[in-house]
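At position 385 of the sequence shown (counting the first as 1) the number is 385 in my numbering, and the numbers step up by one without a gap. Virtual Cβ for every residue (Gly too), placed ideally from N, Cα, C. See below for the structure under consideration.
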Amino acid sequence: MVVGETTLEADVVVIGAGPGGYVAALRAARLGRKVTLIEREAVGGVCLNVGCIPSKALIAAAHDLYRLRQGAAYGLSADVRLDFPRLIAWKDGVVRTLTDGVEKLLKGNGVELLFGEAFFTGPRELRLLETGGAVMNIRFRTAIVATGSRPATLPGFPFGGFGGRVISSTEALSLKEVPERLVILGGGVIGVELGQAYARFGSRVTIVEAAERILPAFEADLLRPLRRRLQAEGIELLERARAIGAAKGENGLMVLVETPEGERELAADYVLVAVGRRPNTDALGLETAGVQVDGRGYIAVNDRQMTNVEGIYAVGDVVPGLPLAHKATAEGKVAAEAIAEEAGAAADFRAVPMVVYSDPEVATVGMTAAEAEAAGFRVKVGMFPLAASGRALTLGEKDGFVRLVGDAETGALLGAQVVG
């Protein structure tokens, strides 16, 4: 041991204080285990700091701004202006309130919180490079890896490149001003949500998606009302298209895009790269601990979230499946209960809800009709158009529907899809 190093004997160590990690830490502590939680940056992880929460705050403001500007249909008129720096400051305040709350919860439940970079040096050992410069060697009985994910990169569009004009979702949530022209590479959930928000703030938005359509994980009919709204709001959708390069323009960037109709140049003040996320597993020393990781960096786990190494668990974006905060919290609870030898439920992902916080919103849970039929069910489908809903009409939101997918033999609900 080098002079200045310390050693800690730990019961349960959780690496990463995002939704999966801090929930696992709290649950394990409440079940009587002594828990040490290690965080590299900020408590709350991506979700609370640079993901779910700040994005939803901006989306809520954009929605209110849009509704106020549409008020003439209801006999309302107002001169509405956006103070963008003030909006960003309000968003930051929301984040601070929630992260402070999580820290108080952890402290109140006796969870030891350490800050720094941790990596495995063996199947029962970690090395922590603390934020203040100290080094700690940790010997643990059990560990939970909950280190989350980071934005995926795109060749030719490095984050921070072109004088900071190429950004990830992290930077998109803290811009100093509303860009006049915003090109978004990737028409998934992040691209669509932030694209619509910035269009409502005043940006001219173009979304470039390589697949047949935006939000390719959702059924086509579920997306039609949303597509109509996006296009009505002036958002250009370039599908079956891919960005092949960029160059500095006179006032920003020129993005070269290959489309089915040929090449196009798009002028942009900022380019938001939103082509997915990658698990943060490459600097953890997992191979030293003997933990199996696939070619994409995901950790294989069983239905109690344990890896191939007994005593090491993994939850959240580092394991296969949808990168959703509520999935991570469920996995964190499962892992904590497995460690505490509680008879908790095993992980079951047959009914994980997924929502796009666009306007109209899109949501799905369970099986689609096609998936249910492929699984051997005799399917019964029920649909209700929002145009027939009194509540939808009073909100001026008649475009959309609710669809339920059931088992015709038992009446069991197998899935649901909603747009509206």
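Rounding to the nearest angstrom, what Cα-Cα distance links residue i and residue j in this structure?
i, j, result
"V12", "R27", "11 Å"
"S149", "G45", "9 Å"
"P360", "G344", "37 Å"
"Y22", "N109", "11 Å"
"V405", "T368", "7 Å"
"R40", "G187", "30 Å"
"L128", "P225", "50 Å"
"P353", "G191", "19 Å"
"E239", "L185", "11 Å"
"L58", "A197", "7 Å"
"D348", "T364", "16 Å"
"A210", "L194", "18 Å"
"K398", "R67", "15 Å"
"M1", "I15", "With a pLDDT of 49 at M1, under the threshold of 50, the predicted position of this residue should be treated as unreliable, and no value is reported."
"A274", "E409", "42 Å"
"S358", "P320", "25 Å"
"P85", "A60", "16 Å"
"V355", "E117", "32 Å"
On a Cα-Cα basis, can you pick out the residue from the options that is closest to residue i?
i, options, result
"F384", "A392, T329 and V356", "A392"
"D269", "R277, A283 and G252", "G252"
"R242", "L414, K248, L284 and E263", "E263"
"L37", "F115, T7, R124 and I59", "F115"
"T121", "D407, V291 and G316", "V291"
"V178", "V273, R228, G101 and A62", "A62"
"D83", "L386, L65 and A73", "L65"
"T421", "A24, P155, L113 and L182", "As displayed, the chain neither begins before 1 nor continues past 420, which places residue 421 out of reach and without an answer."
"V80", "F201, A300, G396 and E125", "F201"
"E5", "E125, N137, K107 and E250", "N137"
Going by other Cβ atoms of all chains shown within 10 Å of its Cβ, with 16 needed for buried, is residue i buried or exposed?
i, result
"N49", "buried"
"V314", "Sequence inspection shows Ala at residue 314; the Val mentioned does not correspond to that position. Buried."
"K351", "The sequence given here places Ala at residue 351; Lys does not occur at that position. Exposed, since its Cβ has fewer than 16 Cβ neighbours within 10 Å."
"I339", "buried"
"T97", "exposed"
"T281", "buried"
"I167", "buried"
"E337", "buried"
Compute the minimum distance between the beta carbon of residue i and the heavy atoms of the ligand PLP, and state whether it is under 8 Å.
i, result
"R242", "With respect to the ligand PLP, the structure offers nothing, as it holds no ligand at all."
> Quick check: the stretch 160-180 against the stretch 136-144, are there 3 or more CB pairs under 8 Å?
Replying inline: Not touching, per the Cβ criterion.
>> Could you tell me which whole alpha helix (DSSP H) segments of length 4 or greater appear in the stretch 322-407?
In response: Here the runs fully enclosed are 325-339, 369-374 and 390-394.
>> For the pair the stretch 297-311 and the stretch 329-342, tell me if three or more CB-CB distances fall below 8 Å.
In response: Judged by Cβ distances under 8 Å, the stretch 297-311 makes contact with the stretch 329-342, as three or more pairs qualify.
>> With three or more beta-carbon pairs closer than 8 Å as the criterion, would you say the stretch 218-237 touches the stretch 197-207?
In response: Enough Cβ pairs lie closer than 8 Å, so yes.
> Along the chain, which unbroken stretches of the beta strand (DSSP E) at least 3 residues long are found entirely within the stretch 145-213?
Replying inline: Those beta strand (DSSP E) runs which fall completely within the stretch 145-213 and span 3+ residues are 149-151, 181-185 and 204-209.
> Counting Cβ pairs closer than 8 Å, one from the stretch 405-418 and one from the stretch 363-379, do we hit at least three?
Replying inline: Pairwise C-beta distances place the stretch 405-418 in contact with the stretch 363-379, as three or more of them are shorter than 8 Å.
> Can at least three beta-carbon pairs, one atom from the stretch 82-95 and one from the stretch 54-63, be found at a separation below 8 Å?
Replying inline: Yes, the stretch 82-95 is in contact with the stretch 54-63.
> Quick one: complete alpha helix (DSSP H) runs, 4+ long, within the stretch 207-295?
Replying inline: You should have 220-232 and 286-289.
> Taking only runs of the alpha helix (DSSP H) that begin and end inside the stretch 41-69, which ones reach a length of at least 4 residues, in chain order?
Replying inline: The stretch 41-69 contains, as complete alpha helix (DSSP H) runs of 4+ residues, the segments 45-50 and 52-69 (chain order).
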